[in-house]
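J.:
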Amino acid sequence: MKRRSRSARDTRRAEDDTRGLSLLMHAAFFLLLGASLTRFLLRHPGEARTPWIIGLSVALAALYVIGPVLGSRPTPRSLLWLGALVAVWMVLVVLAPSFAWCAVPLFYTGLRILPPRAALALVALLTLFVVAAQLRLADGFDPNLILAPPAVAAVATAVFVHMRRQAVTQNELIDDLLRTRRELAATERREGTLAERQRLSMEIHDTLAQGLSSQQMLLQAADRTWDTDPATARRHIRTATGIAEHNLAEARRFVHDLTPADLAEGGGLDAALHALAARETAQAQGRLTVRCHVEGAPATALPDRVQSALLRIAQGALANVTEHAAATEAALTLTHLDDRVVLDIADNGHGFTHTAHTAHTGEPGELRGHGLPAMRARLRQLGGSLTIESAPGEGTVVTAAVPLTDGPSAAPSDPQDPA
């Protein structure tokens, strides 16, 4: 807003300067015309040409007043007006040479309306009339009368041309600035749209997509056991129904404010992680037990975006454990330190060789996952880091650390993270 108001002020200032110069030239014209008529009447009272001089002066003044109405563009009407104005002035100069210095405002008028070459030709013609008029008034030959009018005309023309070029340059700069500002605003909007899309994709992956995957596995298990073990099949369906209810709550939360449903229920991140561990244990139906530990207490309440990010990371990591690790136990450990908060997700699954090839999913030989890149993106926005420790047969530990200082630039380097 400040840059926009500054450019608007610059535009108004340029317009005010042009308007001020026009008013100055108009005032100078009428002042010179009045002075020339007064001089003639004082020095030549009662002459036969006096009525003609008065009439032509009034006509010249009337013509000049019409000029601002016609504008400064070289239209047929403005050109006809300028020709009539110059013709009346020439007749006046022939009858009374004292009207010659009215040419200076006429210089400005011609330069303002005509194209450059035509304007210079008009200035040269007016200057010749001024020189001739001064020689008629002089008692003898004076070189200054020949040199001074062209010098004045040259200075006036140079000043006007310079001001016009400055105005054109300033207008071009303002146009470039406005165009650049529009392009920058469009780029910022595109970047904001892409960032919002990425954020939404991470939210959907960590909640709805994982819930649907769990429901699919439970329903497939129910289908396999429907005939042989109806009780187990019904238990699978009830668990899938519970997941669907939770996903419905998440979907409604998306529509409302994108706050995780567990956090919206109150109790903060600690309670949300305990609820997540209990839910994952219940959904696994004995195949996986998830425990939750909280160490320490935050000096101040964690920011909402930190709580939301860590909860989503825990959900994504546990989804990977359920789908890929074949683990029987997993643990969520939230540690509150003075300068940071650390979340560890550990499991006793089969583990994997942590290389750049498997860094995307945590599963050897597969590159379809979105979980780990989403975790890294969340932590990058908070200035945090993601560390993965795993080996075949030794389980996996995923550590998310978020500094409790401002700015993503505070993110420490992660030599173990190849991403």
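Heads up, the sequence shown is in my numbering, so the first residue is 113 and it goes up one at a time. Backbone N, C-alpha and C fix where the C-beta goes; we use that ideal spot for every residue, glycine too. Values in this document were obtained by computation on a predicted structure and should not be read as measured data.
Apply the 10 Å Cβ neighbour rule to residue 419 and answer buried if 16 or more other Cβ atoms are within range, or exposed otherwise.
T.: With 16 or more other Cβ atoms within 10 Å, it is buried.
J.: Roughly how many angstroms separate the alpha carbons of residue 413 and residue 439, rounded to a whole number?
T.: The straight-line gap from Cα to Cα measures roughly 33 Å.
J.: Beta strand (DSSP E) containing residue 448: first to last residue?
T.: Segment 441-448, the beta strand (DSSP E) holding residue 448.
J.: Where do the ends of the beta strand (DSSP E) carrying residue 184 lie?
T.: Per DSSP, residue 184 belongs to no beta strand (DSSP E) and is neither H nor E.
J.: Only counting runs of 4 or more residues, tell me where the alpha helix (DSSP H) segments fall wholly within the stretch 256-337, in order along the chain.
T.: Counting only runs of 4 or more, we get 322-337.
J.: Of the choices 328, 147, 444, whose alpha-carbon is the least far from that of residue 390?
T.: Of the candidates 328, 147, 444, the one whose C-alpha sits nearest the C-alpha of residue 390 is 444.
J.: With three or more C-beta pairs closer than 8 Å as the rule, is the stretch 217-234 touching the stretch 242-251?
T.: Touching, no.
J.: With DSSP collapsed to three states, give me the class of residue 232.
T.: Looking at residue 232 - three-state DSSP - the assignment turns out to be helix.
J.: Below 8 Å between beta carbons: does that hold for residue 507 and residue 459?
T.: Result yes, Cβ atoms of residue 507 and residue 459 sit closer than 8 Å.
J.: Candidates 500, 292, 320: which alpha carbon is nearest residue 356's?
T.: Cα-wise, what sits closest to residue 356 is 320.
J.: Which residues mark the beginning and the end of the beta strand (DSSP E) in which residue 226 is found?
T.: No beta strand (DSSP E) contains residue 226, which DSSP labels as neither H nor E.
J.: Just mark residue 209 as buried or exposed, buried being the case when its beta carbon has 16 or more other beta carbons within 10 Å.
T.: By the 10 Å Cβ count, residue 209 comes out buried.
J.: Who does residue 111 pair with in a DSSP beta bridge?
T.: Beyond the ends of the chain as shown, which are 113 and 531, falls residue 111; an answer cannot be given.
J.: Are the stretch 162-171 and the stretch 143-152 touching by the rule of at least three beta carbon pairs closer than 8 Å?
T.: Output reads yes: the stretch 143-152 touches the stretch 162-171.
J.: Could you name the residues of the same chain whose beta carbon sits closer than 6 Å to that of residue 324, not counting the 5 residues immediately before and after it, in chain order?
T.: Around residue 324: no qualifying Cβ.
J.: Which residues in the same chain have their Cβ closer than 7 Å to the Cβ of residue 426, if we skip the five residues on either side of it in sequence?
T.: Excluding residues within five positions, the ones whose Cβ falls inside 7 Å are 385, 388, 444, 455, 457.
J.: Check residue 403 in the structure and name its three-state DSSP category.
T.: Three-state DSSP puts residue 403 in a strand.
J.: Just to confirm my understanding: we take residue 517, look at its own chain, exclude 5 residues before and 5 after, and list those with CB closer than 6 Å. What are they?
T.: Here the set comprises nothing.
J.: For residue 344, which residues in the same chain have their Cβ closer than 6 Å to its Cβ, ignoring the five residues on either side in sequence?
T.: Cβ neighbours of residue 344 beyond the five flanking positions: 337.
J.: Which value, in whole angstroms, describes the spacing of the CA atoms of residue 214 and residue 237?
T.: Rounded to the nearest angstrom, the two C-alpha atoms are 14 Å apart.
J.: In this structure, what does DSSP give as the bridge partners for residue 207?
T.: The partner list for residue 207 (beta bridge, DSSP) is empty, contrary to what the question assumes.
J.: Which whole-angstrom value describes the C-beta separation of residue 503 and residue 461, a residue pair presumed to lie in contact below a C-beta threshold of 8 Å?
T.: No, residue 503 and residue 461 are not in contact; Cβ-Cβ is about 11 Å, not under 8 Å.
J.: Would you mind working out which of 309, 143, 263, 513 sits nearest residue 240, comparing C-alpha positions?
T.: Of the candidates 309, 143, 263, 513, the one whose C-alpha sits nearest the C-alpha of residue 240 is 263.
J.: Using 10 angstroms around the beta-carbon of residue 199, count the other beta-carbons present and answer buried if the total reaches 16, otherwise exposed.
T.: With fewer than 16 Cβ atoms within 10 Å of its Cβ, residue 199 is classed as exposed.
J.: Which word fits residue 514, buried or exposed, when buried means at least 16 other C-beta atoms lie within 10 angstroms of its C-beta?
T.: Result: buried.
J.: Do residue 352 and residue 331 have their C-beta atoms within less than 8 Å of each other?
T.: In this structure, residue 331 lies closer than 8 Å to residue 352 by Cβ.
J.: Around the C-beta of residue 309, are 16 or more other C-beta atoms found within 10 angstroms, so that it is buried, or is it exposed?
T.: Counting Cβ neighbours within 10 Å, residue 309 comes out exposed, since fewer than 16 surround it.
J.: In angstroms, rounded to a whole number, what distance separates the CA positions of residue 177 and residue 190?
T.: Roughly 13 Å separates the two Cα atoms.
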